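Numbering (our numbering), first residue to last: 236 to 559.
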Ligand code: NAD
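Have a look at this one:
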């Protein structure tokens, strides 16, 4: 069966392969099951026993709460997968930055990708493993897919965290706050304050109207809390997995159920057609093909300057990973 035929035959099947059945992979499988987003989910891990245990545990909930076919499998399951989610690799220890994982997790993902390549037919690949921007670039390069079919969760989680902090500060629900974090999912993430709105009203105008204090100090304290949230959770419980699982679920729903959305994720899709970009998060239109387009919007000068710095750092890290 050629790629085109298999793609046609599998439309509507909503098959997802999750590589890595650790905390993140298992939480994603659980969230996808609870929300009935996929029809078939395969958990693939070098520790097959762990994958089998997680699959059985999730399957044995009340059947009417999720009718998905979920099982542990091997890489041959990637054939016909509409979505492949990569979560293999180790996580940060307290005190480590995400970039500290670069060399180790690049080696793991190289192995993962060569196994996927043997069976890949079509489908979007979402990279979750850290450092997600570096690994997204490398996976795109190894797969030779710079068209948005490969992308990383990037700053979607940082964006959710920032929105929650803003909502808490304003005493509002998160659904009416709009905004995003761009750049690296790490130390060089950038809050785009110039675009934050409350029900479509620029946040500074809203605060003025409601007599709520809004200044650089408040912005800094909201953003510091956002940026350190991952490390804070890791120092409390050793890892993070539920937050990212709900973000991946949202992305999977957009891809598998054709609900286009715009979120800040990481992809090396070029702004101009020929030269692949380094993978950093910008608002991106997500649909059945993954990142359909990176949205070119106008940040203010300082935000743009910080993005340039994040890009330079990314070039440096990719070079050092290539030499390792
Ligand atoms: P974990 O140690 O619980 O799980 C990792 C799993 O990968 C293990 O079960 C291991 O056996 C498996 N694995 C290792 N090599 C493999 C291979 N070659 N093929 C298949 N499976 C393999 O770790 P975790 O807490 O689930 O975290 C996984 C990754 O997700 C980490 O890199 C972590 O930093 C990252 N993460 C990313 C975000 C994000 O926002 N992008 C958030 C949280 C965690």
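We put the beta carbon where it would ideally sit given N, CA and C, even for glycine.
Source: prediction; values computed, not measured.
Item checked: Distance, residue 446 Cα to residue 504 Cα -> Locating residue 504 in the chain shown gives position 269, where the first residue counts as 1. Locating residue 446 in the chain shown gives position 211, where the first residue counts as 1. If you take the alpha carbons of residue 504 and residue 446, they lie about 42 Å apart.
Excluding the five sequence neighbours on either side, which residues of its own chain have a C-beta within less than 8 Å of the C-beta of residue 453, listed in chain order?
-> Taking the first residue of the chain shown as position 1, residue 453 is located at position 218. Spatial neighbours of residue 453 in its own chain (CB-CB distance under 8 Å, excluding positions within 5 residues in sequence) are listed in chain order as 404.
Query raised in the report: If you draw a straight line from the C-alpha of residue 379 to the C-alpha of residue 433, how long is it?
Result: For the purposes of this step, residue 379 is taken as the residue at position 144 of the chain shown. For the purposes of this step, residue 433 is taken as the residue at position 198 of the chain shown. Their backbone Cα atoms lie some 40 Å apart in a straight line.
(Q) Buried or exposed for residue 236, going by 16 or more other Cβ atoms inside 10 Å? (A) On the chain shown, position 1 is the one that residue 236 refers to. At residue 236 the pLDDT is 40, less than 50, meaning the model places this residue with poor confidence; the figure from the coordinates comes in the next sentence. By the 10 Å Cβ count, residue 236 comes out exposed.
Hey, how far is the Cα of residue 354 from the Cα of residue 342? Your numbering for residue 354 matches position 119 in the chain shown. Your numbering for residue 342 matches position 107 in the chain shown. Rounded to the nearest angstrom, the two C-alpha atoms are 20 Å apart.
Which one of 520, 369, 377 and 338 has the shortest CA to CA distance from residue 349?
Along the chain shown, one-based indexing puts residue 349 at 114. Sorting 520, 369, 377 and 338 by C-alpha distance to the C-alpha of residue 349 places 377 at the top.
Using alpha carbons as the reference points, say which of 512, 518 and 538 lies closest to residue 549.
Numbered from its first residue, the chain shown carries residue 549 at position 314. The shortest C-alpha separation from residue 549 is found at 512.
inquiry  = On a Cα-Cα basis, can you pick out the residue from 257, 263 and 526 that is closest to residue 483?
reply    = Taking the chain shown and counting its residues from 1, the one referred to as residue 483 is at position 248. Looking at the Cα atoms, 263 is the closest of the given residues.
For this session: Jot down the residue ranges of each uninterrupted beta strand (DSSP E) in the segment 424-473, minimum 3 residues, whole runs only, in chain order.
Result: For the segment 424-473, whole beta strand (DSSP E) runs of length 3 or above, ordered along the chain, are 424-426.
**Asked** Considering only C-alpha positions, which residue in the set 261, 366, 275 and 358 is nearest to residue 335?
**Response** Translated into the one-based positions of the chain shown, residue 335 becomes position 100. Nearest of 261, 366, 275 and 358 to residue 335, Cα basis: 366.
* **Chain-order list of residues whose beta-carbon lies under 8 Å from that of residue 242 (same chain, five-residue window excluded)** => Numbered from 1 along the chain shown, position 7 holds the residue referred to as residue 242. Only weak support is given to the placement of residue 242: the predicted model assigns it a pLDDT of 42, under 50, and the question is left unresolved by the model.
- prompt: Hey, is residue 343 close to ligand 1, as in C-beta under 6 Å from one of its heavy atoms?
  reply: The count along the chain shown starts at 1 and reaches residue 343 at position 108. Result yes, Cβ under 6 Å from ligand 1.
### Query
Using DSSP with H/G/I as helix, E/B as strand and the rest coil, what is residue 305?
Taking the first residue of the chain shown as 1, we reach residue 305 at position 70. Three-state result, residue 305: strand.
*Would you give the residue range spanned by the alpha helix (DSSP H) that residue 533 belongs to?*
The count along the chain shown starts at 1 and reaches residue 533 at position 298. Premise fails: residue 533 is in no alpha helix (DSSP H) and is neither H nor E.
Examine ligand 3 and report whether any of its heavy atoms sits within less than 6 Å of the Cβ of residue 307.
With respect to ligand 3, the structure shown offers nothing to examine, as its ligands consist of ligand 1.
For a test of your reading of the model: does the CB of residue 348 fall under 6 Å from any non-hydrogen atom of ligand 1? Yes or no.
Stepping through the chain shown from its first residue, residue 348 is reached at position 113. Distances from the CB of residue 348 to the heavy atoms of ligand 1 are all 6 Å or more.
Just list the residues that DSSP pairs residue 515 with in beta bridges.
Within the chain shown, numbered from 1, the residue matching residue 515 stands at position 280. Answer by DSSP bridge pairing, in chain order: 502.
For residue 525, write down the residues that DSSP places opposite it in a beta bridge.
The count along the chain shown starts at 1 and reaches residue 525 at position 290. Residue 525 is bridged to 522.
Is the CB-CB distance between residue 461 and residue 400 below 7 Å? Numbered from 1 along the chain shown, position 226 holds the residue referred to as residue 461. Numbered from 1 along the chain shown, position 165 holds the residue referred to as residue 400. In this structure, residue 400 lies closer than 7 Å to residue 461 by Cβ.
Could you check the C-alpha separation between residue 209 and residue 384 for me, to the nearest Å?
Residue 209 is absent from the model: the chain starts at 236 and stops at 559.
- Check whether the segment 523-532 touches the segment 403-419, taking contact to mean three or more Cβ pairs, one atom from each stretch, closer than 8 Å. Of all C-beta pairs linking the segment 523-532 to the segment 403-419, fewer than three are shorter than 8 Å, placing the two stretches out of contact.
Run through DSSP, which three-state label would residue 558 get? The count along the chain shown starts at 1 and reaches residue 558 at position 323. For residue 558, the three-state secondary structure derived from DSSP is helix.
Near ligand 1: residue 292 beta-carbon under 6 Å from a heavy atom: Here the question's residue 292 lines up with position 57 in the chain shown. Answer for residue 292: no, Cβ out of range of ligand 1.
(message) Please state the DSSP three-state secondary structure of residue 351.
(response) Here residue 351 refers to the residue found at position 116 of the chain shown. In the structure shown, residue 351 sits in a helix (DSSP, three-state: H, G or I).
Give every residue of the same chain whose Cβ lies closer than 6 Å to the Cβ of residue 392, excluding the five residues on either side of it in the sequence, and list them in chain order. Counting from 1 along the chain shown, the entry for residue 392 is found at position 157. Cβ within range, chain order: 478, 479 and 482.
- [ ] Report back the beta-carbon spacing between residue 290 and residue 278 to the nearest angstrom; my notes put them in contact at under 8 Å.
- [x] Taking the first residue of the chain shown as position 1, residue 290 is located at position 55. Taking the first residue of the chain shown as position 1, residue 278 is located at position 43. The distance from the Cβ of residue 290 to that of residue 278 is about 5 Å, consistent with a contact at the 8 Å cut-off.
message = Taking 6 Å as the cut-off, is the C-beta of residue 594 nearer than that to any heavy atom in ligand 1?
response = Residue numbering for the chain in the displayed model covers 236 to 559; residue 594 lies beyond these limits and cannot be assessed.
- Task: Output the residue ranges of the alpha helix (DSSP H) runs that lie fully inside the segment 251-280 and measure 4 residues or longer, sorted by chain position.
- Result: List check, alpha helix (DSSP H) in window: 258-269.
Quiz prompt | Distance, residue 485 Cα to residue 427 Cα | solution = Working through the chain shown from its first residue, we reach residue 427 at position 192. Working through the chain shown from its first residue, we reach residue 485 at position 250. Going by the C-alpha atoms only, they are around 22 Å apart.
Item to complete: State the DSSP-derived secondary structure class of residue 358, mapped to helix, strand or coil.
Response: Residue mapping note: residue 358 aligns to position 123 of the chain shown, counting from 1. DSSP places residue 358 outside both helix and strand once states are collapsed to three, so it counts as coil.
Examine ligand 1 and report whether any of its heavy atoms sits within less than 6 Å of the Cβ of residue 363. Residue 363 sits at position 128 when you count from the first residue of the chain shown. Indeed, a heavy atom of ligand 1 lies less than 6 Å from the Cβ.
Next item on the list: Consult DSSP for residue 318 and reduce its assignment to one of helix, strand or coil.
Entry: Counting from 1 along the chain shown, the entry for residue 318 is found at position 83. Strand.
Meets three-Cβ-pair contact criterion under 8 Å: the segment 303-318 and the segment 462-470
Contact fails: fewer than three Cβ-Cβ distances are below 8 Å.
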